[in-house]
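I have placed the structure first, in the form of C-alpha cells, so that the comments after it can refer back to it.
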Amino acid sequence: MTLDANAALIVVDMQQGFAHPGWGARNNPDCEANVAALLDGWAASARPVVLVRHDSDEESPLNPSEPGNALLDFVAAAPHQLFVTKQVNSAFFGEPDLAEWLSALEIEQIVVCGIQTNMCVETTARMGGNLGFEVFVPIDATHTFDLEGPNGVRMSADELSRATAVNLHGGEFATVLSTAELLERV
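Sequence positions in the sequence shown follow my numbering and run 41 to 226.
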C-alpha cells in the first residue's frame with residue numbers, strides 16, 4: 041500500500057464535549073496522541089488536512105452554544121485546508137461539501153480518524169468507500185464509548201471498536217491499520 045502525496049487526513053469530531061461524563065466509559069486513551077502524530081505527519085509532508093466538527097441539538101454538550109462544541113486545542117491549532125461542520129454522522133453530509141472539495145483537488149485517498157469509532161468515523165469511512173475513495177482508518181487514532189442497544193444488550197467501547205475494524209476491513213470499505221503503520225507511508 042502506498043499513500044498518495046495528496047492523501048487527505050480527515051479528523052472527525054475531536055471535540056471537548058466528548059470529555060463530558062454523560063458519554064460513559066471510553067476506550068483507547070492513546071487516541072489523542074495518535075491523532076496528534078497524524079497531524080504532525082501530515083503537516084511535515086504538506087498533505088491536506090480536513091477538520092470536522094459536529095454541531096448537535098440543544099441537549100448535547102456538542103451544541104454550538106456549549107463550550108464542548110469546540111475542537112480540542114491541539115486539533116484547533118493544527119494547520120488545515122478545510123473545516124467542515126455537520127449535524128449528522130457523516131462528514132460527507134456537511135458544509136462545505138467534502139466530496140466536492142476532495143474531487144476538485146483530485147484526491148483519491150482519505151485517512152479517517154477521530155471520535156466516535158463506531159459512529160461518525162465509521163459512517164464517514166463507509167461513505168468515502170461508497171463514493172469511490174480509497175479509505176484508510178488508523179483504528180488506534182479513534183475512540184468510542186460503551187453503548188447499550190435493544191433489549192439491554194451492552195457492548196464495551198473495545199468491543200465496538202473491534203466490530204468497526206472488522207466491518208470496515210472485512211466489508212472492504214477501508215483498510216484498517218495502526219497509526220504507526222500509516223505514518224511509515226507518509
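Just so it is clear, CB atoms sit at the ideal spot from N, CA and C, and this is done for glycine as well.
If you're wondering where the values come from, they're calculated on a predicted model, not measured in any experiment.
#### Entry: Close beta carbons around Gly-169, own chain, < 7 Å, minus the five adjacent residues each side
Here residue 169 corresponds to residue number 129 of the sequence shown, with the count starting at 1. For Gly-169, where only same-chain residues beyond five positions count, the Cβ hits under 7 Å are Val-175, Phe-213 and Ala-214.
### Message
Quick check for students: name the residue ranges of the alpha helix (DSSP H) that lie wholly in the segment 81-146, counting only runs of 4 or more.
### Response
Correct list: 113-116 and 138-144.
### Message
For Glu-224, report the span of its beta strand (DSSP E) as first-last.
### Response
Counted from its first residue, the sequence shown places residue 224 at position 184. Element bounds for Glu-224: n/a, residue is neither H nor E.
### Near the ligand GDP: Glu-106 beta-carbon under 6 Å from a heavy atom
In terms of ligand content, the structure shown is empty, and the ligand GDP therefore cannot be addressed.
### Task
Could you name each continuous beta strand (DSSP E) segment of 3 residues or more that falls completely within the segment 156-190, going from the start of the chain to the end?
Runs found: 174-178.
### Query
Can you pull the DSSP bridge partners for Gln-55?
As a working mapping, residue 55 is identified with position 15 in the sequence shown. Looking at the DSSP assignment, Gln-55 forms a beta bridge with Leu-111.
### Task
Just confirm the distance between the C-beta atoms of Asp-180 and Asp-70, as a whole number of angstroms; I'd bet it's less than 8 Å.
Reading the sequence shown from its first residue, position 140 is the one you call residue 180. Reading the sequence shown from its first residue, position 30 is the one you call residue 70. With 8 Å as the limit, Asp-180 and Asp-70 qualify as a contact, their Cβ atoms being about 6 Å apart.
### Task
Report back the beta-carbon spacing between Ala-118 and Leu-79 to the nearest angstrom; my notes put them in contact at under 8 Å.
As a position in the sequence shown, residue 118 is number 78, starting the count at 1. As a position in the sequence shown, residue 79 is number 39, starting the count at 1. Sure, about 5 Å apart at Cβ, within 8 Å.
### Query
Who are the near neighbours of Thr-204 in its chain, counting only those whose CB is closer than 6 Å to its CB and skipping five residues on each side?
As a position in the sequence shown, residue 204 is number 164, starting the count at 1. Contacts found: Thr-157, Asn-158 and Glu-162.
### Message
Given a cut-off of 7 Å on the beta-carbon distance, is the pair Ala-27 and Val-52 in contact?
### Response
Summary: the structure shown does not reach residue 27, with the chain confined to residues 41 through 226, and so no result is reported for it.
### Task
Could you check which residue in Ala-83, Arg-93, Ser-100 and Asp-95 has the C-alpha nearest to that of His-60?
Indexing the sequence shown from 1 puts residue 60 at position 20. Nearest option by C-alpha distance: Ser-100.
### Query
Just curious, the alpha helix (DSSP H) that Thr-215 is in, first and last residue?
On the sequence shown, position 175 is the one that residue 215 refers to. Per DSSP, Thr-215 belongs to no alpha helix (DSSP H); it is in the beta strand (DSSP E), 215-217.
#### Entry: Residue(s) in a DSSP beta bridge with Ala-48
As a first step, residue 48 must be located in the sequence shown, where it is residue number 8. DSSP, once it has assigned bridges, lists Ile-150 as partnering Ala-48.
### Query
What's the C-alpha gap between Ala-65 and Met-195?
As a position in the sequence shown, residue 65 is number 25, starting the count at 1. As a position in the sequence shown, residue 195 is number 155, starting the count at 1. Going by the C-alpha atoms only, they are around 11 Å apart.
### Message
Per the DSSP calculation, Met-195 is bridged to which residue(s)?
### Response
Position 155 of the sequence shown, counted from the start, is the residue given in the question as residue 195. In DSSP, Met-195 forms a bridge with Leu-187.
### Message
Within 10 Å of its beta-carbon, does Leu-222 have 16 or more other beta-carbons around it, so buried, or fewer, so exposed?
### Response
As a first step, residue 222 is located in the sequence shown; it is residue number 182 there, counting from the start. Buried, by the Cβ-count rule.
### Task
Indicate whether Met-238 and Val-151 have their beta-carbon atoms separated by less than 7 Å.
The chain is shown from 41 up to 226; residue 238 falls before or after that span and cannot be answered.
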